[in-house]
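See below for the structure under consideration.
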Amino acid sequence: MRHRKKFNHLGRKSAHRKAMLANMGSSLIKHKRINTTLAKAKALRMFLEPLITKSKNDTMHNRRVVFSRLRDKYAVTELFREISTKVADRPGGYLRIIKMGNRLGDNAEMAMIEFVDYNTVYNADKPAKKKTRRRRKKATKTTEAAVETNTATEEKTEE
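All residue numbers for the sequence shown refer to my numbering, where the first residue is 20 and numbers rise by one.
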């Protein structure tokens with residue numbers, strides 16, 4: 020039974036699964052976008068996003084923790100140098116999964132996983148805006164009425 024088992028085991032033993040996620044993670048860091056099955060993409064997102072968060076704080080301890088999971092020093096260097104500077108102001112959600120349809124051979128659901136900040140197609144037309152907390156405005160009608168009265172008094176003073 021798989022009661023309270025959080026992550027997808029992907030039909031592999033733990034050593035095989037860890038090696039596969041480390042290889043896929045280093046490939047994603049190097050190429051910024053890879054195609055894989057949907058289940059592997061979701062597992063890779065759970066595996067890689069905490070490592071990207073650790074890369075924001077460049078200390079020797081964080082580098083060693085990330086290296087112990089990724090096992091590729093070139094990917095770790097790339098992550099701490101370029102990727103961490105690009106995602107420094109993002110509070111999370113560094114990866115995007117886009118469904119691509121089914122594979123012809125075995126009808127497996129395919130997906131493309133990519134870094135959000137490295138896609139220039141989606142980010143080109145959107146201006147960078149700072150996220151703010153939203154709240155309800157209580158007096159929307161009174162503010163509209165105040166604006167109308169202000170414009171009316173300005174027009175009278177101009178005449």
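Glycine included, each C-beta is placed from N, C-alpha and C at the ideal position.
Remember, predicted model here, so these are calculated numbers, not experimental data.
Where does residue i fall in DSSP's three states?
i: G44; result: helix
i: F134; result: strand
i: L114; result: strand
i: N27; result: coil
i: M39; result: helix
Are the C-beta of residue i and some C-beta of chain C separated by less than 8 Å?
i: A107; result: No chain C appears in the structure shown, which is made up of a single protein chain.
In chain order, what residues of the same chain have a beta carbon less than 8 Å from the beta carbon of residue i, not counting five sequence neighbours either side?
i: R109; result: V135, D136
i: F26; result: A62, M65
Can you give me the start and stop residues for the beta strand (DSSP E) that residue i sits inside?
i: N54; result: 52 to 56
Residues in the same chain with beta-carbon distance under 6 Å from residue i, minus the five sequence neighbours each way, listed in chain order, please.
i: K105; result: D136
i: M43; result: L63
i: M1; result: The first residue shown for the chain is 20 and the last is 178, placing residue 1 beyond what the model contains.
With a threshold of 16 other CB atoms inside 10 Å of the CB of residue i, please say whether the residue is buried or exposed.
i: S33; result: exposed
i: T55; result: buried
i: Y141; result: exposed
i: S45; result: buried
i: K49; result: exposed
i: L123; result: exposed
i: K73; result: buried
Below 7 Å CB to CB, which residues in the same chain sit around residue i once its five sequence neighbours on both sides are set aside?
i: R21; result: none
i: R36; result: H28, L29
Quiz item: Which runs of the beta strand (DSSP E), 3 residues or longer, sit entirely within the region 48 to 99?
Solution: Fully enclosed beta strand (DSSP E) runs of 3 or longer: 52 to 56.
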